[in-house]
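Protein chains: 2
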Amino acid sequence: MSVLVVGSVAFDALETPFGKVERTLGGAATYLSVAASYFVPVRLVGVVGEDFSARDAAIFRGRRIDTRGLERVAGKTFFWAGRYSEDMNQRVTLATELNVFADFNPKLPEAYRDSRFIFLANIHPALQESVVKQVNGRPKVVALDTMNHWIERTPGELRQTLKLVDILVINDEEARQLSGKHNLLHAAQVIFRLGPKILVIKRGEFGAVLMRGKDVFTVPGFPLHDVRDPTGAGDCFAGGFMGALAQAGRVTDASLRAAMVYGSVMGRFAVERFGLDRLRQLKPREVKQRARRFYGLTRFRL
Amino acid sequence: MSVLVVGSVAFDALETPFGKVERTLGGAATYLSVAASYFVPVRLVGVVGEDFSARDAAIFRGRRIDTRGLERVAGKTFFWAGRYSEDMNQRVTLATELNVFADFNPKLPEAYRDSRFIFLANIHPALQESVVKQVNGRPKVVALDTMNHWIERTPGELRQTLKLVDILVINDEEARQLSGKHNLLHAAQVIFRLGPKILVIKRGEFGAVLMRGKDVFTVPGFPLHDVRDPTGAGDCFAGGFMGALAQAGRVTDASLRAAMVYGSVMGRFAVERFGLDRLRQLKPREVKQRARRFYGLTRFRL
């Protein structure tokens with residue numbers, strides 16, 4: 014079962030206490046696709062400019078990532094520059110140049126229209142909706158990420174889109190903002206009424222929480238000796254989660270829990286190096302090994 | 014196996030978004046003792062003033078808490094007033110009146126001197142040291158909590174005391190401050206060189222982390238519908254942890270992990286009501302039931 018991923022492909026300039034890069038491939042859809050491709054084939058939908066070279070595209074080759082949906086248009090690729098605080102829990106955006114991403118209007122190649130597992134990364138909710146509408150028949154799982162920008166500025170469109178969504182994958186703050194509830198159990202109940210029946214809350218180094226009905230599952234963040242660059246961690250979590258779920262092929266309590274562990278694994282690998290550097294070298298064997306270490310991290314007996 | 018607890022007994026004035034109390038029994042040693050008493054008999058060492066009535070002492074009666082070490086002296090009991098922020102993650106101290114606690118000099122009754130499990134709650138490190146020195150022979154476990162105040166102002170005395178400590182129970186921020194390391198794996202290695210061979214990091218709603226050598230165990234915070242007052246959560250965690258460990262009677266990987274779960278259980282019960290209100294009514298059966306719910310919260314299969 015493949016995963017359809019739609020979202021941003023970008024160049025990032027990153028600065029953390031551990032270093033600086035002037036221009037590295039990034040964007041939610043890039044991180045998501047690479048992370049998900051460890052589990053299943055991926056179909057990528059996005060847009061890049063003329064400055065996106067064959068060398069940039071190398072990250073997708075040799076992985077099971079179909080780039081027929083990666084449109085190349087006149088202009089420059091989306092560019093983002095950010096700097097992280099000393100403890101890396103805060104970041105300031107230094108530049109956002111939307112460029113070709115400003116007119117992004119995702120079009121699914123014919124070959125993508127039978128997709129059954131769809132991840133809508135953080136873009137305008139109307140575009141997210143249009144992607145779901147282009148799929149033939151009823152997908153098995155539609156998962157969506159969004160951010161404060163859309164929650165504040167396009168609440169109507171977001172609510173419209175959420176009706177089509179099975180799994181909402183956001184962070185604590187976004188869950189609180191979207192629901193108007195500080196307590197996350199209360200927030201989940203509000204969100205379940207908007208459409209998604211499953212809520213996944215990403216918590217960075219603290220791992221993630223899965224809520225479904227009254228059921229709650231938590232997964233810790235893998236403790237790391239080196240955290241160099243938090244960029245893409247949430248998207249890699251989402252990619253690992255969605256990839257593992259599609260690999261399982263069905264949504265059960267067991268497949269969701271395993272997917273949470275794989276999400277946490279991929280999210281934490283991402284932060285060990287700058288940009289996609291860790292994922293470039295990551296071996297499937299390492300993914301499995303680290304996932305198994307979550308047993309030791311969480312097992313107890315009363 | 015009983016637990017010896019030394020620390021503050023206080024009256025608190027508390028204000029949270031969910032209410033306000035003018036004067037309620039509190040103090041680290043109080044929370045710790047009550048929480049630990051669900052698992053083993055407790056021996057309490059502390060000091061109160063003349064305003065501490067038989068009614069106040071009622072919380073200790075009917076539980077297995079020996080108060081022969083609770084000194085009553087002329088003057089007023091330690092008083093603390095604090096207000097929590099809207100999200101309850103911040104608090105401001107409105108008043109600290111040390112009163113009789115200013116001259117606290119813990120003295121172990123003869124009957125306490127054979128104690129084998131000792132919890133030194135947050136007080137001056139020289140006093141913590143004096144307690145260990147009053148114990149006959151070598152205790153099985155000395156656990157210690159401290160805070161930024163002592164880390165900053167009495168670093169020499171704290172280091173001296175830490176040499177006698179097996180388990181350090183602090184929060185993220187304190188671990189970082191004490192070690193000078195932001196990364197908690199690095200912080201643990203620094204702390205292990207100071208004496209403690211086990212580090213327990215309390216993370217509030219995010220649960221807690223246990224580090225011992227290279228081994229790491231995480232326990233989530235139990236998700237709650239109602240969080241009314243965070244006061245005493247960390248001390249109840251410590252009490253549950255230490256009580257369960259003493260009940261096991263020995264320090265093994267398995268007993269430490271189970272103790273972490275019981276710590277998390279007790280810490281989260283505490284915040285459901287103001288002050289000690291939830292613990293006053295809490296039944297041993299509820300403690301066991303909630304601990305078992307941590308299986309569902311954490312179990313997965315790859």
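Quick mapping for you: the protein sequence lines, in order, are chains A and B. Here our numbering is used: the first residue of the first sequence is 14, the next is one more, and so on. Here our numbering is used: the first residue of the second sequence is 14, the next is one more, and so on. Ideal Cβ positions, reconstructed from N, Cα and C, are used throughout, including at glycine.
Exercise for the section: May I have the straight-line CA-CA distance separating L191/B from I164/B, to the nearest angstrom? Expected result: 6 Å
Handout entry: Reference S268/A, options K227/A, H199/A and V154/A, closest by Cα
Key = V154/A
Exercise for the section: Could you name the residues of the region 259 to 271 of chain B whose beta carbon sits closer than 7 Å to any beta carbon of chain A, in the order they occur along the chain? Expected result: A267, R270 and A271
Practice task
Kindly indicate if chain B contains any beta-carbon less than 7 Å away from that of R306/A.
Solution key: no
Handout entry: Same chain, Cβ closer than 6 Å to D25/B, neighbours up to 5 away in sequence not counted
Key = T37, G39 and W93
Handout entry: Any C-beta of chain A under 7 Å from that of T29/B
Key = no
Problem - Per-residue DSSP class, three states only, for D158/A - result: coil
Practice task
Take the Cβ of N112/A as the centre, count every other Cβ of all protein chains shown within 10 Å, and call the residue buried at 16 or more, exposed below.
Solution key: buried
Practice task
At 3 residues or longer, and completely inside the region 116 to 196 of chain A: list those beta strand (DSSP E) runs for me, N to C.
Solution key: 130 to 133, 154 to 157 and 180 to 184
Exercise for the section: Taking the CB atoms as reference points, tell me whether V16/B and V53/B lie closer together than 7 Å. Expected result: yes
Problem - CB contact flag (V182/A, D158/A, <7 Å) - result: yes
Problem - Closest Cα partner of V284/A within the set A246/A, P168/A and G193/A - result: A246/A
Problem - Three-state secondary structure (DSSP) of M273/B - result: helix
Practice task
Inspect the beta-carbon positions of V232/A and G217/A and report whether they are closer than 7 Å.
Solution key: no
Problem - Closer than 7 Å to chain A by CB, D242/B - result: no
Exercise for the section: Name, in chain order, the residues that DSSP records as bridge partners for G319/A. Expected result: Outside the shown range of chain A, which is 14 to 315, sits residue 319/A, and nothing can be said about it.
Handout entry: Segment limits, alpha helix (DSSP H) that includes L45/A
Key = A41 to A49
Problem - Enclosing alpha helix (DSSP H) for G59/B [first to last residue] - result: No alpha helix (DSSP H) holds G59/B; the beta strand (DSSP E) holding it covers V55 to V61.
Handout entry: T43/A vs D64/A beta-carbon contact at 7 Å
Key = no
Practice task
Note down the Cα distance separating V335/A from P119/A, rounded to an integer number of angstroms.
Solution key: Residue 335/A falls outside the range modelled here, since chain A spans only 14 to 315, and no answer is possible.
Handout entry: Beta bridge counterpart(s) of D228/A as assigned by DSSP
Key = R225/A
Practice task
Starting from L212/A, follow its DSSP beta bridges and name the residues at the other end.
Solution key: L181/A and M224/A
Practice task
For T311/A, name the three-state secondary structure that DSSP assigns.
Solution key: helix
Practice task
Helix, strand or coil for L198/B, going by three-state DSSP, please let me know.
Solution key: helix
Handout entry: Which listed residue (Q302/A, D69/A, P243/A and D185/A) has its alpha carbon closest to that of M101/A
Key = P243/A
Exercise for the section: Give the C-beta separation of G309/A and V47/A to the nearest angstrom, bearing in mind that I take them to be a contact with Cβ-Cβ under 8 Å. Expected result: Incorrect: roughly 27 Å between the Cβ atoms, too far for contact.
Problem - Residue environment, G262/B, which counts as buried when at least 16 other CB atoms sit within 10 Å - result: exposed
Handout entry: Host alpha helix (DSSP H) of L258/A (start-end)
Key = A246 to A261
Handout entry: For P168/B and K33/B, the rounded distance between their alpha carbons
Key = 36 Å
Handout entry: Neighbour list for D100/B in chain A, Cβ cutoff strictly below 8 Å
Key = H195
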